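Encoded as structure tokens, the structure appears first; notes follow it.
2 protein chains.
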Amino acid sequence: MKVQKLNIINNNKLSQIMRRSYERNNMISTPVKQILENVRQRGDDILITKYRKRYGKSFKLEVNKNDTKTAYSNISPEFIKSLKQAKDNITKVCLTEKQSTSMKICNVEDGIRVWREWRAIEKVGLYIPGGKAVYPSSVLMTGIPAIIAGCSEIVLCTPPDNSGNIPSPTLIAADSLGIKKIFKVGGAEAIGAMAFGTETIPNVYKIFGAGNSYVTEAKLQVFGTVNIDMPAGPSEVFIIADDTANPAYIAADLLADGEHGEDSACVLLTTSRVVANKTITEINNQLKHLSTAERVRESLRRYGLIAIVDSLDEAIAFSNEYAPEHLEIMTRNPNQVLQKITNAGSVFLGSWTTKSSGDYATGANHVLPTGGMAKMFPSLSIESFGRMMQVQKVSSKKSLAKIRKTIETFGETENLPAHKNATSIRFKEGGDIYES
Amino acid sequence: MKVQKLNIINNNKLSQIMRRSYERNNMISTPVKQILENVRQRGDDILITKYRKRYGKSFKLEVNKNDTKTAYSNISPEFIKSLKQAKDNITKVCLTEKQSTSMKICNVEDGIRVWREWRAIEKVGLYIPGGKAVYPSSVLMTGIPAIIAGCSEIVLCTPPDNSGNIPSPTLIAADSLGIKKIFKVGGAEAIGAMAFGTETIPNVYKIFGAGNSYVTEAKLQVFGTVNIDMPAGPSEVFIIADDTANPAYIAADLLADGEHGEDSACVLLTTSRVVANKTITEINNQLKHLSTAERVRESLRRYGLIAIVDSLDEAIAFSNEYAPEHLEIMTRNPNQVLQKITNAGSVFLGSWTTKSSGDYATGANHVLPTGGMAKMFPSLSIESFGRMMQVQKVSSKKSLAKIRKTIETFGETENLPAHKNATSIRFKEGGDIYES
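Written out as structure tokens, the structure is:
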């Protein structure tokens, strides 16, 4: 990697950095469509057949008590302790978020009130990546807000590992939350199963969680049948730094993102050429000891950028257009920069707020919009698991009279006479005999 | 129509009522895809060519000051007055909603804080149906929350009428809100233009508003490139009534929904056979004088249901599964029923809260999920036009130390060593020299 000034980098390169890997993959659109159609028509059969070929005839889709018991026997006390702290912190944040869902009544006119009441989405589906990956943290990030929101049915799907089981940490994370409906199924099949329902797997109303490109494409295709949280792609970190930032920390945080995969994106914009150069030295040093170095190197090559800016405002403008999933601000006054940030999934202020602290332990959610989607999609929170149901009450004929003329005029203007009549009829003679 | 008991109606009939007209239309999927691709590749050209053929060479996509001036000369003082009251009331409700977006800080541990700050979506697109329809109210319902949310760029698209102009009430509603970027383009073309941008029409990050089946299909297809509010289909009203309800009012409100179109859905569930029978008599009487009667009759035939239930709970259970766009509760204690309602777009309590009052004048929003989508999508509100950006701060090395072990354990468990290292490195000797 070499350090460049942002304003002299050519447009092709910048465009690749901006677009990064998020791009709906047309190549997989047709196979995913086929998978979803198969699941819709054949249900369990199509899921089980695939897995029994791989894991033998005794393979079952649903996790049972024995699986959970085995998982506990595989796990260290350290993990249980860490799980508890992560759970506690996420819970605290969710409880604070829940305050936003309290009822607020608007007295529009005398006797006319409009308000909203919180209703959790009844049935939700959580997709947790698996296969080679082990992501107990993602179980917490999707499961805890679902529970605190008040969702009554929670379905969790995750692909089995090579032995046909769910990795122990993932299963224990789910069990520790009291999630009962856990299924060993992954990929577009899992998304189809939760969208349409099968004999074993209940259908849900909204599907949450990140996955590979098949999972994302499947989520986009079932959108409209169900709702989804967001189309999530490869991970990305964007760091804005001035001369006070620590290059070793910057390098470590860039690497922590790059190790997610070759399509991950890592950007550093700094006002300090010294910091930029030292960061590159640090990256090279730290990579020497990192088992995931190969993935990091490839991600840096594809979507990595380390560049010098003339001012923090230049960095902020680029960041707002980039709309990063994770934004770290390592400057003298991170709060000042924050106020100008318009688009970001999750923001990390100052040198001690490591990206991995937010991935696991600050209590913030790590299911975040990627690929520029932070311009338009929110991060996961309890609001994603419910909605404010709108209610209105016009208390009396007298109150209705106050808006009668407006309703009638709009009904007329919009050529909807029955709209007008539905209000007018309440004022007709004889109407009062039914008055309630 | 005939009155039946809900529990003896056959499953085919009930299934048609439940599914109603919402169903993604596969027939139009391919033509819509083609339209979107054309707009993406050819931009303005494809839009203008179509309209110039129809309206002559002088047709322009963008509305200018003269268009607005002409519109004002066409409009009655009554409409201006009604527009003002509707605007004022919607504004009041939006300002109450905005209280939910205030910052709330969670002190997770000493020195570790997580909070969220409101950020409006910067660029939003409003789709307003047109052609034969005139919907100034929809301009208010999408435009006012966008403005109060703080969206900095608002783009409005609506199809021109037969003369190649935007209907005066629609244009005046937009002008009264100060919306500057108004374009005469409708259908899937408009959705494509706002999703991809053309030479004249700016691209946006989220698209709002209902339209015909082409518009809905286009919104679903561009989802993922942009965000959308919801997939909205034909209008529907669901009334739960006991023996205190006024059949004339029930009939009037059912008709007010049915007149939207042949695919609209109207359902009455009542504990009173008398109310059911009288409602049918009232429907027939009121239809005699209604210019939109033909549409109403067809919608009643297709998706209409008037049925007797043994208890309000039976009605509530059916309604929750139906998840109606508009739910009217006309019972002795509407509040009691409300507490059991889990899925509805907008609820109307008591006999004076006519459906059309909420369409136009109570200040509640009328852009609502249809076709059962109320199970998973929220009604439009200012929250739809922004999101709470997540921020976290770990203040010091001491604070980071409190969650260090959890971060490291999760990093190890998830086979992400650079995640672990990004925190560990902050505790290495020499790390402090850079401390900020």
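Top line first, the protein sequences correspond to chains A and B. To convert a position in the first sequence, counted from 1, into this note's numbering, add 1. To convert a position in the second sequence, counted from 1, into this note's numbering, add 1. Where a beta carbon is used, it is the ideal one built from N, C-alpha and C, also for glycine. From a predicted model like this one, the values you see are computed outputs, not experimental measurements.
Beta strand (DSSP E) segment containing residue i, residue limits
i: residue 417/A; result: Unbroken run through residue 417/A: none, as it is neither H nor E.
i: residue 2/A; result: Note, residue 2/A: premise wrong, no beta strand (DSSP E); not H, not E.
i: residue 347/A; result: 347 to 350
i: residue 306/A; result: 306 to 309
i: residue 197/A; result: That residue, residue 197/A, is in no beta strand (DSSP E); its alpha helix (DSSP H) goes 188 to 197.
Per-residue contacts from residue i into chain E (C-beta, under 9 Å)
i: residue 119/A; result: In the structure shown, chain E cannot be found, because the protein chains are A and B.
Cross-chain neighbours of residue i in chain A, by beta carbon under 8 Å
i: residue 142/B; result: Result: empty, since nearest Cβ-Cβ is about 11 Å, beyond 8 Å.
i: residue 319/B; result: Ordered by position in chain A, no residue passes the 8 Å Cβ test against residue 319/B, which lies about 15 Å from the chain.
i: residue 72/B; result: Neighbours of residue 72/B on chain A: none; closest Cβ ~13 Å, over 8 Å.
i: residue 398/B; result: 353
i: residue 79/B; result: 406 and 410
Coil, strand or helix - residue i by DSSP
i: residue 237/B; result: strand
i: residue 64/B; result: coil
i: residue 148/A; result: helix
i: residue 294/B; result: helix
i: residue 275/A; result: helix
i: residue 482/B; result: The structure shown has nothing for residue 482/B, since chain B only spans 2 to 437.
i: residue 300/A; result: helix
i: residue 157/A; result: strand
i: residue 409/A; result: helix
i: residue 389/B; result: strand
i: residue 118/A; result: strand
Same chain only: Cβ atoms within 7 Å of residue i, ignoring 5 sequence neighbours per side
i: residue 222/A; result: 33, 34 and 37
i: residue 427/A; result: 398 and 401
i: residue 80/A; result: 170
i: residue 192/A; result: 128, 208, 216, 219, 220 and 223
i: residue 419/A; result: none
Interface partners of residue i on chain B, CB under 7 Å
i: residue 377/A; result: 122, 206, 207, 227 and 228
i: residue 427/A; result: 250, 353 and 355
i: residue 97/A; result: 105 and 107
i: residue 364/A; result: 107, 109 and 115
i: residue 180/A; result: Neighbours of residue 180/A on chain B: none; closest Cβ ~18 Å, over 7 Å.
i: residue 343/A; result: 120 and 123
i: residue 136/A; result: 415
Enclosing alpha helix (DSSP H) for residue i [first to last residue]
i: residue 19/A; result: 12 to 20
i: residue 53/B; result: 45 to 56
i: residue 110/A; result: No alpha helix (DSSP H) contains residue 110/A, which is instead part of the beta strand (DSSP E) from 106 to 110.
i: residue 329/A; result: Counting along the chain, residue 329/A falls outside any alpha helix (DSSP H), though it belongs to the beta strand (DSSP E) covering 327 to 331.
i: residue 319/B; result: 313 to 323
i: residue 180/A; result: From DSSP, residue 180/A is part of no alpha helix (DSSP H); its letter is neither H nor E.
i: residue 82/A; result: 78 to 99
Where residue i meets chain A, residues with beta-carbon distance less than 9 Å
i: residue 253/B; result: 419, 422, 423, 424, 425, 426 and 427
i: residue 277/B; result: None at all; the shortest Cβ gap to chain A is about 15 Å.
Same chain only: Cβ atoms within 6 Å of residue i, ignoring 5 sequence neighbours per side
i: residue 346/B; result: 326, 369, 370, 375 and 380
i: residue 124/A; result: 154, 205 and 206
i: residue 367/B; result: 142 and 360
i: residue 321/A; result: 343 and 344
Same chain only: Cβ atoms within 8 Å of residue i, ignoring 5 sequence neighbours per side
i: residue 213/A; result: 130 and 188
i: residue 4/B; result: 274, 277, 278, 281, 307, 308 and 309
i: residue 152/B; result: 121, 122, 123, 124, 125, 386 and 387
i: residue 148/B; result: 155, 178 and 179
i: residue 506/B; result: Residue 506/B lies beyond the residue range present for chain B, which begins at 2 and ends at 437; the question has no answer from this structure.
Chain-ordered chain B contacts of residue i [CB-CB under 8 Å]
i: residue 388/A; result: 378, 379 and 380
i: residue 260/A; result: 417, 418, 419 and 420
Chain-ordered chain A contacts of residue i [CB-CB under 7 Å]
i: residue 361/B; result: 407, 408 and 411
i: residue 394/B; result: 350, 351 and 354
i: residue 93/B; result: 107 and 109
i: residue 42/B; result: Ordered by position in chain A, no residue passes the 7 Å Cβ test against residue 42/B, which lies about 15 Å from the chain.
Self-check item: Meets three-Cβ-pair contact criterion under 8 Å: the region 300 to 313 of chain B and the region 347 to 357 of chain A
Solution: Contact between the region 300 to 313 of chain B and the region 347 to 357 of chain A is absent, because fewer than three Cβ pairs lie under 8 Å.
Quiz item: Does the region 135 to 145 of chain B touch the region 43 to 53 of chain B, meaning 3 or more C-beta pairs lie closer than 8 Å?
Solution: no
Practice problem: Count the CB pairs spanning the region 271 to 291 of chain A and the region 50 to 58 of chain A that are closer than 8 Å, and state whether there are at least three. | Solution: no
Practice problem: Answer yes if the region 251 to 265 of chain A comes into contact with the region 282 to 299 of chain A, meaning at least three C-beta pairs across the two stretches below 8 Å, and no otherwise. | Solution: Contact between the region 282 to 299 of chain A and the region 251 to 265 of chain A is present: 3 or more CB-CB pairs across the two stretches fall below 8 Å.
Quiz item: Counting Cβ pairs closer than 8 Å, one from the region 313 to 331 of chain A and one from the region 290 to 298 of chain A, do we hit at least three?
Solution: no
Quiz item: Hey, is the region 197 to 216 of chain B in contact with the region 143 to 163 of chain B, meaning 3+ C-beta pairs nearer than 8 Å?
Solution: yes
Quiz item: If we count Cβ pairs, one from each stretch, closer than 8 Å, do we get three or more for the region 159 to 168 of chain A versus the region 177 to 188 of chain A?
Solution: yes
Self-check item: Contact between the region 331 to 341 of chain A and the region 98 to 116 of chain B (3+ Cβ pairs under 8 Å)
Solution: The region 331 to 341 of chain A, when compared against the region 98 to 116 of chain B, does not touch it at the 8 Å Cβ threshold.
Quiz item: Taking three-plus beta-carbon pairs below 8 Å as touching, is the region 379 to 395 of chain B in contact with the region 102 to 116 of chain B?
Solution: yes
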